[in-house]
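Undergrad: Quick mapping for you: the protein sequence lines, in order, are chains A and B. Mapping of the first sequence onto the UniProt record's numbering: position 15 corresponds to residue 15, and the numbering continues sequentially without gaps. Mapping of the second sequence onto the UniProt record's numbering: position 63 corresponds to residue 63, and the numbering continues sequentially without gaps. Here a beta-carbon is modelled for each residue, glycine too, at the ideal position from N, C-alpha and C. As the structure is a computational prediction, the values presented were derived from the model and not from experiment.
2 protein chains.
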Amino acid sequence: MEKATINVKGMTCGHCEAAVTNALKELSGVSEVKVHLDNGKVDVTFHDGKVSFDQMKEAIEDQGYDVV
Amino acid sequence: MEKATINVKGMTCGHCEAAVTNALKELSGVSEVKVHLDNGKVDVTFHDGKVSFDQMKEAIEDQGYDVV
């Protein structure tokens with residue numbers, strides 16, 4: 001398992017937190033997600049090889065947020 | 001039909017807009033809802049007698065926002 005922190009712009013409320021969390025957790029290979037609304041950071045624990053950073057980035061962007 | 005504008009605190013994004021809009025539209029007697037995120041105002045068209053201001057206020061507060 002690998003851990004990464006992704007910087008996301010535009011998350012403002014609990015609904016945003018849920019949207020990003022659920023989108024990431026739906027990806028096979030992602031096991032844990034923790035969104036920090038105060039600083040726009042998303043901690044992800046994932047299985048490298050099963051899911052790529054690009055896939056996680058795309059899942060977040062599909063919800064309407066920017067990965068910065 | 002009556003029109004009212006409700007001042008709501010804490011709506012920040014499209015998800016908030018959807019949550020408040022849907023909660024109000026689920027009330028029998030509410031026909032139109034327009035959320036203005038920029039100033040926190042919610043325009044409601046409703047059938048007075050079928051739905052009360054208190055019911056609309058409660059529906060908004062149940063979603064986690066404050067009516068001010």
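#1: At 7 angstroms on the CB atoms, spell out the chain B contacts of Ala19(A), in chain order.
#2: Going by other Cβ atoms of all chains shown within 10 Å of its Cβ, with 16 needed for buried, is Met11(A) buried or exposed?
#3: Determine, using beta-carbon pairs with one atom in the stretch 26-37 of chain A and one in the stretch 53-63 of chain A, whether at least three such pairs fall under 8 angstroms.
#4: Pick out whichever of Lys9(A), Thr21(A), Val33(A) has its Cα sitting closest to the Cα of Met1(A).
#5: Just to confirm my understanding: we take Val68(A), look at its own chain, exclude 5 residues before and 5 after, and list those with CB closer than 6 angstroms. What are they?
#6: Can you tell which of Ser31(B), Val20(B), Tyr65(B), Val44(B) has the C-alpha that lies nearest to the C-alpha of Thr5(B)?
#7: For His15(B), does the count of other Cβ atoms within 10 angstroms reach 16, so buried, or fall short, so exposed?
#8: In this structure, how does DSSP classify Glu26(B) when only helix, strand and coil are distinguished?
#9: Is Ala18(B) buried or exposed, if buried means 16 or more other CB atoms sit within 10 Å of its CB?
#10: Can you give the Cα-Cα distance for Gly64(A) and Asn39(A), rounded to whole angstroms?
#11: Short of 6 angstroms in beta carbon distance, which residues of its chain neighbour Val35(B), apart from the five on each side in sequence? Order them along the chain.
#12: Residues of chain B with a CB under 8 angstroms from the CB of Thr5(A): which are they?
#13: Measure the CB-CB distance between Val30(B) and Phe46(B) and report whether it falls below 7 angstroms.
TA: From the atom records:
#1: Residue numbering aside, residue 19(A) sits at position 19 when the first sequence is read from its first letter. Here the neighbours are His15.
#2: Translated into positions along the first sequence, residue 11(A) becomes position 11. When all chains shown are included, Met11(A) counts as buried.
#3: yes
#4: Position 1 of the first sequence, counted from the start, is the residue given in the question as residue 1(A). Out of Lys9(A), Thr21(A), Val33(A), Val33(A) has the C-alpha closest to the C-alpha of Met1(A).
#5: Residue 68(A) sits at position 68 when you count from the first residue of the first sequence. Only Asn7, Lys9 meet the Cβ criterion.
#6: Residue numbering aside, residue 5(B) sits at position 5 when the second sequence is read from its first letter. If we check each option's Cα against that of Thr5(B), Val44(B) comes out closest.
#7: On the second sequence, position 15 is the one that residue 15(B) refers to. The residue in question, His15(B), is buried, as its Cβ has 16 or more Cβ neighbours within 10 Å.
#8: For the purposes of this step, residue 26(B) is identified with residue 26 of the second sequence, where counting begins at 1. Glu26(B): coil per DSSP, three-state reduction.
#9: Along the second sequence, one-based indexing puts residue 18(B) at 18. By the neighbour-count rule (16 or more Cβ atoms within 10 Å), Ala18(B) is not buried but exposed.
#10: Sequence index remark: in the first sequence, residue 64(A) carries index 64 (1-based). Sequence index remark: in the first sequence, residue 39(A) carries index 39 (1-based). About 17 angstroms.
#11: If you number the second sequence from 1, residue 35(B) lands on position 35. Within the same chain, Val35(B) has close Cβ partners Glu17, Val20, Thr21, Val42.
#12: Numbered from its first residue, the first sequence carries residue 5(A) at position 5. Under the 8 angstroms cutoff, chain B gives no residues; its nearest Cβ is about 22 angstroms from Thr5(A).
#13: As a position in the second sequence, residue 30(B) is number 30, starting the count at 1. As a position in the second sequence, residue 46(B) is number 46, starting the count at 1. It is a contact, given that the beta carbons lie within the stated cut-off.
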